[in-house]
Structures are given as C-alpha cells and as structure tokens.
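Numbering follows our numbering, with no gaps: position 168 of the sequence shown is 193. Note that the Cβ used here is the ideal one computed from N, Cα and C, for glycine as well. Since the model is a prediction, treat every value here as computed from it, not as a measurement. Accompanying notes for the structure given below.
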Amino acid sequence: MAFKAKFELVHPGLGGATAEFEVEVHPEWAPLGAQRFKDLVLAGYFTDCRVHRVVSGFIAQWGIPGDPAVYRQWGENKIKDDPVKTSNVKGTISFATSGPNARGSQMFINLVDNSMLDEQGFAPFAVITTPGDAAYKFYNGYERAGPDQSRAKEEGNSYLAKEFPNLSYIARVSLM
Numbered sequence: 026m027a028f029k030a031k032f033e034l035v036h037p038g039l040g041g042a043t044a045e046f047e048v049e050v051h052p053e054w055a056p057l058g059a060q061r062f063k064d065l066v067l068a069g070y071f072t073d074c075r076v077h078r079v080v081s082g083f084i085a086q087w088g089i090p091g092d093p094a095v096y097r098q099w100g101e102n103k104i105k106d107d108p109v110k111t112s113n114v115k116g117t118i119s120f121a122t123s124g125p126n127a128r129g130s131q132m133f134i135n136l137v138d139n140s141m142l143d144e145q146g147f148a149p150f151a152v153i154t155t156p157g158d159a160a161y162k163f164y165n166g167y168e169r170a171g172p173d174q175s176r177a178k179e180e181g182n183s184y185l186a187k188e189f190p191n192l193s194y195i196a197r198v199s200l201m
C-alpha cells in the first residue's frame, strides 16, 4: 500500500529559502526500494543531508548523510535491484546505483523525463505529489564541479558545509 512522506528543505545558496514537498511512495513499483526509503526515513538518515549533485535538466541527488558512521551503516549495506515497473518521468524518485544490486542510500529526483534510465535499471519507487516547483528547485551553482563523493562519505557535513556551503539540504523527512 502506498504511503506518503514530507521533505523539508533549506536552500543556503538561494538566499536561505525554505521549501516543503510531499511524495507518494509506491511499494508495488519497487518493493525493496520503497522499504529501504521507509527504513532510512524512520532512522532519521536524511536529517541535514545535502543535495550533493544537481545536474540541470537531469537530476537532483542526495543520500550521503552528515555523519560518516551513519553512511557506513546504511550506504554500504546494499539492496538488490527491483525490476523497473514505471518510467523515470519528471517527478519520480529512484535510487542511484553503480551496478547490479548496488543500491545503498543515494537517490535522485528526475527533474525532467529521463525514460532512457529505465533500460539501465533505475526503478522509480516514489513520485512527487506537491504542485509547483518546490521539489525541483535546488542550488545548482556547482553543477559537475560539486563535491567529491568519496570525501563526503569519509568526512560528512564537515567537508560539505565548509567546501560547498551553498548546497541545498534536507532538514528532515517524515512519514505522513
């Protein structure tokens, strides 16, 4: 059965603006991904989590927490792939992956129709339900020159806040 979650965002690089948006999670689309997302939310995993990769006209990605110990617990604990049952259209959320059965804790919002990701095995598990652009507006001034993910995993928010202070971040995610 579908369930909802609310994201609360802070945008230091956009004048300190705040935003909220809701998503509807569909376990029937990707049961393993939906369960992992729920577990991460219940664990408080996304609190103060930076949106570390924003590629205009493509995706906004997050999932490396501020505490490296928390990343080691969840991010390196991979889950198996779900079959792709719905397309990576604008507003859907999928887990990032580096290969077969390698989904950990990083995920992304499709900022546009990215249906070409379907054949690569990216299985959406949720969709944004809030109207407007709150879920699509993130600081993107770093583009591809953004954070080194290895350093972010090893150093957490001490690295991200110092070197990339304008990154948008998730203040909290809660189940509704």
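1. Identify, in the order they occur along the chain, each residue of the same chain with its Cβ nearer than 6 Å to the Cβ of G88, setting aside the five sequence neighbours on each side.
2. Roughly how many angstroms lie between the CA atoms of Y164 and R176, to the nearest whole one?
3. Within 10 Å of its beta-carbon, does T122 have 16 or more other beta-carbons around it, so buried, or fewer, so exposed?
4. Report yes or no: do three or more beta-carbon pairs, one from the stretch 108 to 124 and one from the stretch 139 to 158, lie closer than 8 Å?
5. Tell me the rounded alpha-carbon separation between G58 and G41.
6. Quick one: what does DSSP say S119 is sitting in, helix, strand or coil?
7. At 4 residues or longer, what runs of the alpha helix (DSSP H) sit wholly inside the stretch 156 to 184?
8. To the nearest angstrom, how far is it from the Cα of V114 to the Cα of T155?
9. Can you check the stretch 52 to 77 for any alpha helix (DSSP H) of at least 4 residues that lies completely inside it and give the ranges in chain order?
10. I need the DSSP call for S112, collapsed to helix, strand or coil.
11. For V48, name the three-state secondary structure that DSSP assigns.
12. If we call anything under 8 Å between Cβ atoms a contact, is P125 one with D106?
13. Smallest Cα separation from G116: which of P37, Q86 and Q60?
14. Does the beta-carbon of C74, which I'm using as the reference point, lie nearer than 7 Å to any heavy atom of the ligand SAM?
15. If I measure Cβ to Cβ from Y167 and keep anything under 7 Å in the same chain, skipping five residues before and after, which residues do I get?
A quick look at the data gives this:
1. S130, Q131 and M132, listed in sequence order.
2. For Y164 and R176, the gap between their C-alpha atoms comes out near 20 Å.
3. By the neighbour-count criterion, in which a residue is buried when 16 or more other Cβ atoms sit within 10 angstroms of its Cβ, T122 is buried.
4. Taking 8 Å as the limit for Cβ pairs, the verdict is that the stretch 139 to 158 does touch the stretch 108 to 124.
5. Those two C-alpha atoms are separated by around 31 Å.
6. In the three-state DSSP reduction, S119 falls in the strand class (E or B).
7. Listed in chain order, the complete alpha helix (DSSP H) runs (minimum 4 residues) inside the stretch 156 to 184 are 174 to 180.
8. In a straight line, the C-alpha of V114 is about 15 Å away from that of T155.
9. You should have 56 to 67.
10. S112: coil per DSSP, three-state reduction.
11. Residue state, collapsed to three classes: strand.
12. The Cβ-Cβ distance between P125 and D106 falls below 8 Å.
13. Comparing Cα-Cα distances from G116 to each of P37, Q86 and Q60, the minimum goes to Q86.
14. The ligand SAM is not part of this structure, which contains no ligands at all.
15. If we look at Y167 and ignore the five residues flanking it on each side, its Cβ neighbours are F189.
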